[in-house]
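Undergrad:
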Amino acid sequence: MPFPASVPPEPLVLDRREGPYGEVVLRRRETGEGPVHEIIANGCFLMDTSDGRSERRLIDAAFEALETGNVAPSLLIGGLGVGFSLAHAAEGEQWRHIVVVEREEAIIEWHRAGPLAAISGTALGDPRSVILHTDLVEHLRITEDRFDALCLDIDNGPDWTVTEDNGELYSPAGLASCARVLKPGGVLAVWSAQPSSAFEEAMRNAGFTGVRTEEIRLARGVPDVVHLGVRPA
């Protein structure tokens, strides 16, 4: 029996995993424009495939903030999500090397052999792309690699984290780790569902220059934002 127009059908759970960071769920929601896949982490909506323009803008804004003359820069993406950021980064030739850090094994599997492969499949096969299954906060502390840009999209923003541990990423110590993995002149770009003046101030206190927040208008009406800052040369 078809659902009345005012009562959309409940999302269909495609997979549900319990891991070291809690529960992660992949759902499919039917809409008038086709199926939309959603990732839910610990009961909190994280992201979906309905509109990827802000995730794509995260990558472009970071690239545009790099100093001109920075040839073939390297990119570190925190969070694989539904794959929009990775797929967009791999579409062009501007990035020499693309590393994605994702701590949820289930999300990686949904991209390698699941419904999300439709978004990221080509990017995963790109020789420039590497997926690391590890915790981003820990990785930033120990890696010896350095990047031209670091794009973070692991939470709904600095003030709305998926797990309590993620809050460390936006702290002075976490921002110091972000700066540590950036080359001089490197760009930190942080996706958020809402602006945070407190986080802007934290970035300035951590030594980032040119700190600003860019709004991205979406079809749903509430804009996402990207916080940007540059590690001094």
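Mapped onto numbering that gives the first Met the number 0, the consecutive letters of the sequence shown carry residue numbers 0 to 232. Even for Gly, the Cβ is constructed at its ideal location relative to N, Cα and C.
How close, in whole Å, do the beta carbons of ALA188 and ALA61 come, if the pair is a contact with beta carbons under 8 angstroms?
TA: Indexing the sequence shown from 1 puts residue 188 at position 189. Indexing the sequence shown from 1 puts residue 61 at position 62. Right, the Cβ-Cβ distance comes to about 4 angstroms (below 8 angstroms), so this counts as a contact.
Undergrad: Please name the residue in ILE39, LEU151, GLU108 and LEU115 whose C-alpha comes closest to that of VAL99.
TA: By one-based count along the sequence shown, residue 99 stands at place 100. Among ILE39, LEU151, GLU108 and LEU115, the Cα nearest to that of VAL99 is on LEU151.
Undergrad: ALA148 bridges to which residues according to DSSP?
TA: By 1-based counting over the sequence shown, the position of residue 148 is 149. Its beta-bridge partners are LEU74 and VAL186.
Undergrad: Which stretch, first to last residue, makes up the alpha helix (DSSP H) that contains VAL136?
TA: Residue mapping note: residue 136 aligns to position 137 of the sequence shown, counting from 1. Its alpha helix (DSSP H) spans residues 135-141.
Undergrad: Quick check on THR121: does DSSP put it in helix, strand or coil?
TA: As a first step, residue 121 must be located in the sequence shown, where it is residue number 122. Helix, per DSSP.
Undergrad: Could you compute how far the alpha carbon of VAL12 sits from the alpha carbon of GLY31?
TA: Counted from its first residue, the sequence shown places residue 12 at position 13. Counted from its first residue, the sequence shown places residue 31 at position 32. If I take the Cα positions, the gap works out to 19 angstroms.
Undergrad: Taking the C-alpha atoms as reference points, what is the distance between GLU199 and ARG211?
TA: Along the sequence shown, one-based indexing puts residue 199 at 200. Along the sequence shown, one-based indexing puts residue 211 at 212. Cα to Cα, GLU199 sits roughly 7 angstroms from ARG211.
Undergrad: Report all residues from its chain with a CB closer than 6 angstroms to the CB of ARG216; omit the five preceding and five following residues, and keep chain order.
TA: As a first step, residue 216 must be located in the sequence shown, where it is residue number 217. These residues qualify, in order along the chain: PRO222.
Undergrad: Closest to GLY185 by C-alpha separation, out of PRO34, LEU168, ALA232 and SER191, would be which residue?
TA: On the sequence shown, residue 185 is found 186 positions in, with the first residue counted as 1. Closest option to GLY185, Cα to Cα, is ALA232.
Undergrad: I'd like the list of long-range same chain contacts for ASP59, defined as Cβ closer than 8 angstroms, with 5 residues on each side in sequence excluded.
TA: Locating residue 59 in the sequence shown gives position 60, counting from the first residue. Cβ within range, chain order: HIS87.
Undergrad: Which value, in whole angstroms, describes the spacing of the CA atoms of SER49 and LEU25?
TA: One-based indexing of the sequence shown puts residue 49 at position 50. One-based indexing of the sequence shown puts residue 25 at position 26. So the alpha carbons of these two residues sit roughly 14 angstroms apart.
Undergrad: Exposed or buried, which one is SER73 when buried takes at least 16 other CB atoms within 10 Å?
TA: On the sequence shown, residue 73 is found 74 positions in, with the first residue counted as 1. By the 10 Å Cβ count, SER73 comes out buried.
Undergrad: With three or more C-beta pairs closer than 8 angstroms as the rule, is the stretch 121-132 touching the stretch 102-113?
TA: Yes, the stretch 102-113 touches the stretch 121-132.
Undergrad: So which of GLY113, THR121 and GLU163 has the shortest CA-CA distance to ALA89?
TA: Locating residue 89 in the sequence shown gives position 90, counting from the first residue. ALA89 has its Cα closest to that of THR121, out of GLY113, THR121 and GLU163.
Undergrad: Does DSSP classify ASN204 as helix, strand or coil?
TA: Locating residue 204 in the sequence shown gives position 205, where the first residue counts as 1. Of the three classes helix, strand and coil, the one that applies to ASN204 here is helix, per DSSP.
Undergrad: With GLU54 and ASP47 assumed to form a contact (beta carbons below 8 angstroms), what rounded beta-carbon distance in angstroms separates them?
TA: Translated into the one-based positions of the sequence shown, residue 54 becomes position 55. Translated into the one-based positions of the sequence shown, residue 47 becomes position 48. The Cβ separation is near 11 angstroms, so there is no contact.
Undergrad: Would you call the stretch 136-149 and the stretch 172-182 touching, i.e. three or more CB-CB distances under 8 angstroms?
TA: Cβ pair count under 8 angstroms is three or more, so yes.
Undergrad: Taking only three categories from DSSP, how would you classify GLU54?
TA: Mapped onto the sequence shown, residue 54 falls at position 55. Helix.
Undergrad: Alpha carbon to alpha carbon, what distance is there between PHE207 and ASP125?
TA: Working through the sequence shown from its first residue, we reach residue 125 at position 126. Working through the sequence shown from its first residue, we reach residue 207 at position 208. Taking the straight line joining both Cα atoms gives about 32 angstroms.
Undergrad: Along the beta strand (DSSP E) that carries THR18, what are the first and last residues, could you check?
TA: Counting from 1 along the sequence shown, the entry for residue 18 is found at position 19. Per the sequence shown, residue 18 should be read as Gly rather than Thr. Start and end: 11-18.
Undergrad: Return helix, strand or coil for LEU174, following the three-state DSSP convention.
TA: The count along the sequence shown starts at 1 and reaches residue 174 at position 175. Three-state result, LEU174: helix.
Undergrad: What is the DSSP secondary structure of ILE39, counted as helix, strand or coil?
TA: Within the sequence shown, the letter at position 40 stands for residue 39. ILE39: strand per DSSP, three-state reduction.
Undergrad: DSSP state of ASP47, grouped into three classes?
TA: Taking the first residue of the sequence shown as position 1, residue 47 is located at position 48. DSSP places ASP47 in strand when its eight states are reduced to three.
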